[in-house]
Every structure is written in C-alpha cells, then in structure tokens.
Amino acid sequence: MAPPGGRTDDILFSLSSWPRAILHVDGDAFFTSCEEAIHPELRGKPLITGGERGIVACASYAAKRIGIKRGVSLPEAKRICPGLIVLPSDYETYSLFSRRMFNIIRRYTPDVEEYSIDEAFADLTGMRRALRASYETIADRIRREIIKELGITVSAGLSLTKVLAKAASKHRKPDGFTVIPGRAIASYLQDLPVGKLWGIGPATTNYLNKMGVRTALEFARLPEETVKRRLTKPGVEIWREIRGESVYSVTAEEKSTYFSISKTKTFAPPSADPDYLFAQLLRNLESACIKARRYDLAPRSLVLFLKRQNFSLAAAEVRLTRPSSYPLELSEVLRDAFGGLRERHVLYRATGVILLDLMPDAQVQYSLFEDALRAERVERLYEAADAVGAKYGKHALHLGGSHLIEERGKGKRGTPTVREQTVLYGETRRRHLPLPIFHGEMDGPPGAGEE
Numbered sequence: 315m316a317p318p319g320g321r322t323d324d325i326l327f328s329l330s331s332w333p334r335a336i337l338h339v340d341g342d343a344f345f346t347s348c349e350e351a352i353h354p355e356l357r358g359k360p361l362i363t364g365g366e367r368g369i370v371a372c373a374s375y376a377a378k379r380i381g382i383k384r385g386v387s388l389p390e391a392k393r394i395c396p397g398l399i400v401l402p403s404d405y406e407t408y409s410l411f412s413r414r415m416f417n418i419i420r421r422y423t424p425d426v427e428e429y430s431i432d433e434a435f436a437d438l439t440g441m442r443r444a445l446r447a448s449y450e451t452i453a454d455r456i457r458r459e460i461i462k463e464l465g466i467t468v469s470a471g472l473s474l475t476k477v478l479a480k481a482a483s484k485h486r487k488p489d490g491f492t493v494i495p496g497r498a499i500a501s502y503l504q505d506l507p508v509g510k511l512w513g514i515g516p517a518t519t520n521y522l523n524k525m526g527v528r529t530a531l532e533f534a535r536l537p538e539e540t541v542k543r544r545l546t547k548p549g550v551e552i553w554r555e556i557r558g559e560s561v562y563s564v565t566a567e568e569k570s571t572y573f574s575i576s577k578t579k580t581f582a583p584p585s586a587d588p589d590y591l592f593a594q595l596l597r598n599l600e601s602a603c604i605k606a607r608r609y610d611l612a613p614r615s616l617v618l619f620l621k622r623q624n625f626s627l628a629a630a631e632v633r634l635t636r637p638s639s640y641p642l643e644l645s646e647v648l649r650d651a652f653g654g655l656r657e658r659h660v661l662y663r664a665t666g667v668i669l670l671d672l673m674p675d676a677q678v679q680y681s682l683f684e685d686a687l688r689a690e691r692v693e694r695l696y697e698a699a700d701a702v703g704a705k706y707g708k709h710a711l712h713l714g715g716s717h718l719i720e721e722r723g724k725g726k727r728g729t730p731t732v733r734e735q736t737v738l739y740g741e742t743r744r745r746h747l748p749l750p751i752f753h754g755e756m757d758g759p760p761g762a763g764e765e
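The sequence shown lines up with residues 315 to 765 when you count with this note's numbering.
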C-alpha cells in the first residue's frame, strides 16, 4: 500500500540489495527437538519439557497444534492432552546441541553472536567471494548442515539488519528460510503487525496504535522528526533498522557486561520448612555471586523472592551498605529479609535471588569504619573456593546454611534425565563430560549376523 502521491520504494528504500548481510538462526521448539533427536521414537508425538518445574518449558509442534503453550501448568496441559509425554528439562544436553549449532555457523563466518541457547546472529557481509556463493546460498547451507548434523530443525532469516533478520526467521516456522533483500523490505513490512517487531513491546505497540501506526511499514514511513520527538532511543533505533540501516552490530565476543544477574530454583514437593527454604535461597545467592565474581562485578542491591504454591510471588529488595559478591558477607542480610518475607504455614515451590545495580568489583571502596583485614580474608577465601569449584563443581564448597540441600536433595520434580542418571568413566555425580546420551534399538546382540 503506497502513500498518496508517491511510491513506497521512492520514499523508503532506494538501497542496494546487500549493503550488509545479517543471518538469524532460531531453533524450532529447541528443547523438545533435542529430545526427539536423542529419542527418535518420540518424533511427531505431543511432547513437553519442564516436568521438574510443574509448567511447560517447551512444547513440541505436535503439542502446540492441540493447544498446549509454554507456561501452562502440567495439570492443565494433561487435561488438554491426556496422552501427553512429559520430560524433565535436560539443560546439560541442550547446551551441547547449542554449542554444536554455533560451531556449525562459525564454519562460514567468525562473526557469530550467541544471543540465547537456541538463537544466533551471524554477519555474513563480505563472505560471498571467500565462499564463492551468494548470501542466500551460504545462509541456506548453514541451516541445512545444522538440520543434517544435529537432527533438529531450525528456521533462518537473512536481511540487512538484525531486526529484519529476526523478523524473517519468524516468518516461516518450523523449518523455514526467509530472505529480505533491500528492495523487498517494503513489500515484506506492509503485512507485518508493528507489535511483531523485535524490541517493540505491548506498551509501545499501544502507543503506536494511538498514532495510527499498526503495521511495520506504517512505522517505517513515519518522518524522522516525528520518530525522534515521539519515541525513546530504542524506538528510534528499531525504526532505523527496519528501514535497512544496520544499527545493532553482531557482537561475537562473550557477554561480559550485565545489568542484573538472577538465579531461581523450583523444587518439589513444595515446602513450608523455613530452614529448607532459606537453604534454597542461599544456594540461589551463592550461584548468582559465583557468576558475578566470574565477571568481576559486585551488586549494590539484592532482590529475593518466594513463589507460593499458587504461583503468586512475595518479593523484597535490600540496598546493600557496600557492594559485595561474597555470600559470606550477604547471608545475614538475606536471612533478615527472608524472615520478614516468609509467611508461616504457607507452601512455597520456588525461590530466587536477583543481583542488581552491578558495578566493577575493583571500584568497591571500604569505609574507615570497616575491617579491611577481614574483607581481604573473605576475598582470599572465595578465591580458593572458586578454584575448588572450577575443579570439582561450583558448589563443592558452600555455606553451612545451604547444606540442607545436600542432605535432603535438590527437590527435583519427576524422573531425572537419562544423562543425569548415567555416570561414564571419568565422570562424577557433579561433573559430566560434554557428551549427550543417544538411544537406539538393536535387532540382536553385538555381532549378530556377521560372518
């Protein structure tokens, strides 16, 4: 649909087809696809992961077709499909599939951004000559190699920017491949709801709708002056991206900057035991602090929350007197906040901790009234704990307050994954080699039928 008195292409896109070539690869129902690759007998069946959480973490396309969505409770999912196959989430194996998927993409370009466990951006710009193929051919080769080597399907989108590439990968799912070159941007955007654009949330969608903007093409047609006056910086950047101007670069480096770090744990059966709940909460804190120390960060605020059996939340935020990533220094603060948050005789099913307002650890200053010698001893203690954790598992050394988890178990729901139950030679219960366990059937004993 062109505006009165002019053509869309004249107003928006007088671009060469490929000033940049950005690929977005997105796993199709990634967790259940990994399960189907390992267990071929499950292919095409209604299947979900998330049995340990009590909600649907991922649903296969067969399950989606009958109305089962992510986040639905297990009882509701089983009501929809009594024959539903429920599996615990095997994140260790999913991460191996993820790593292999990213490595396949790196065969074609070093510029690969691991956006999430099942998503990646890749900058293919300039690789046509080196690989002697068009960008479309290179992108499709990547997608086909992932499918062939991993036994899972992925959808891919190729365009000039990250926002357009991500929109393209969502266009045909599952197992789809969509290409949006420069001169095809307008025709693609004309039927795309503005709320489907990456980075445009419900609030911005409603705001744009009030401005008379309902499609991505109508958004792209807005004058630059209007966009800058009416929208914030992220909105302006998305507007530029959908017009074919690459604003967001593909970041190949490992992420090292965080605005927050969160760790949660769902356990079963639900518990009202204050000691067990605090042990889970302290373990959350220890895990979050391990990650913070890995990136030399320290939080200035701490949020803790408890999830009740009915999925409602109770949360509290504490401002720390001094930034710290050492649980030994934060445990009393956590205990005091927990005491004021927990309700007696109420069953809780999950705990969580969020570290906020992170700053570089090197910038943490001690006041004249603090015991600098004690602080130095705590720092050395955790240097040793991190070294032990790197060798024997991150919670090999932990505070006594969280030891109740070791005595009573971590509270997993349902049957442990096959990988968790299997200990190969050279492995321990805590540390596994990076090898998934594949399953197959044999017609007879090894060597049967051989001469």
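In this text, a Cβ means the ideal position worked out from N, Cα and C, and glycines have one as well. Note that the structure is predicted; figures quoted are calculated from it, not measured.
Next item on the list: Report, in whole angstroms, the separation of the C-beta atoms of F616 and L669, which I expect to be a contact under 8 Å.
Entry: Here the sequence assigns Leu to residue 616, which means Phe is not the residue at that position. Between L669 and L616 the Cβ distance is about 6 Å, and since that is below 8 Å, they are a contact.
Notebook entry, point to check: Going straight from the alpha carbon of R393 to that of V386, what length do you get?
Noted result: 11 Å
Next item on the list: For the alpha helix (DSSP H) holding Y502, just list the boundary residues, first then last.
Entry: 499-503
Notebook entry, point to check: Would you report the Cα separation of E355 and I399, rounded to the nearest angstrom?
Noted result: 12 Å
Check: Distance, Cα to Cα, R271 vs T451?
Finding: What is shown of the chain runs 315 to 765, which leaves residue 271 out entirely.
Next item on the list: Note the first and the last residue of the continuous alpha helix (DSSP H) segment covering T451.
Entry: 449-464
Margin query: Just list the residues that DSSP pairs G654 with in beta bridges.
Written below: In DSSP, G654 forms no bridge with anything.
Check: Would you report the Cα separation of Y375 and P516, rounded to the nearest angstrom?
Finding: 26 Å
Check: CB L596 to CB S645, shorter than 8 Å?
Finding: yes
Next item on the list: Using alpha carbons as the reference points, say which of T665, G653, G654, L642 lies closest to S585.
Entry: T665
Note to self: Check for me: the beta strand (DSSP E) holding F619 runs from which residue to which?
What the structure shows: 611-622
Next item on the list: From the DSSP output, in three-state form, read off V564 for me.
Entry: coil
Item checked: Contact check, A776 vs L337, beta carbons under 8 Å -> The chain is shown from 315 up to 765; residue 776 falls before or after that span and cannot be answered.
Note to self: Let me make sure I understand the geometry here. Which of C395, D589, R636 has the alpha-carbon closest to that of K378?
What the structure shows: C395
Note to self: Given this structure, state the Cα-to-Cα distance separating K605 from I575, to the nearest angstrom.
What the structure shows: 8 Å
Item checked: Nonlocal neighbours in the same chain, by C-beta distance under 6 Å from K708, ignoring five residues either side -> I604
Notebook entry, point to check: Cα separation between A444 and A481?
Noted result: 27 Å
Margin query: Between the alpha carbons of V647 and G715, how many angstroms are there, rounded?
Written below: 13 Å
Check: Can you pull the DSSP bridge partners for T580?
Finding: A664
Note to self: Between the alpha carbons of L438 and Y502, how many angstroms are there, rounded?
What the structure shows: 21 Å
Next item on the list: Flag this pair as yes or no: are the beta carbons of K577 and A612 separated by less than 8 Å?
Entry: no
Next item on the list: Report all residues from its chain with a CB closer than 6 Å to the CB of T492; omit the five preceding and five following residues, and keep chain order.
Entry: G471, A482, H485, R486
Next item on the list: Could you check the C-alpha separation between I526 and E559 for me, to the nearest Å?
Entry: Correcting the residue identity first, residue 526 is Gly in this sequence and not Ile. Answer to the nearest angstrom: the Cα atoms are 24 Å apart.
Next item on the list: Could you work out which residue in G341, P488, I362 is closest to Y429 when comparing CA atoms only?
Entry: G341
Next item on the list: Within the same chain, show all residues whose beta-carbon is closer than 7 Å to that of N598, passing over the 5 residues directly before and after it, in chain order.
Entry: K577, T578, K579, T665, G666, V667
Notebook entry, point to check: Between the Cα of A391 and the Cα atoms of A371, T407, H717, which residue gives the shortest distance?
Noted result: A371
Margin query: Checking the sheet assignment: what are the DSSP bridge partners for M415?
Written below: M415 pairs with nothing; no bridge assigned.
Margin query: If you reduce the DSSP assignment to three classes, tell me which class R633 lands in.
Written below: strand
Note to self: If we require 4 or more residues per run, which alpha helix (DSSP H) segments fall completely within the segment 366-423?
What the structure shows: 375-378, 388-394, 405-420
Next item on the list: Could you say which of A500, T467, K462, I352 lies nearest to R535 if we only look at CA atoms?
Entry: A500
Notebook entry, point to check: Below 8 Å between beta carbons: does that hold for L655 and L618?
Noted result: yes
Checklist line | Selection from F652, P424, D610 that minimises the alpha carbon distance to L620 | finding: F652
Check: Quick one: what does DSSP say L506 is sitting in, helix, strand or coil?
Finding: coil
Item checked: Same chain, Cβ closer than 6 Å to L522, five either side skipped, listed in chain order -> V508
Item checked: In DSSP terms, what I772 is bridged to -> In the structure as shown, the chain begins at 315 and stops at 765. Residue 772 is therefore absent and cannot be evaluated.
Check: Measuring CA to CA, which of L718, V564, F533, R497 is closest to I552?
Finding: F533
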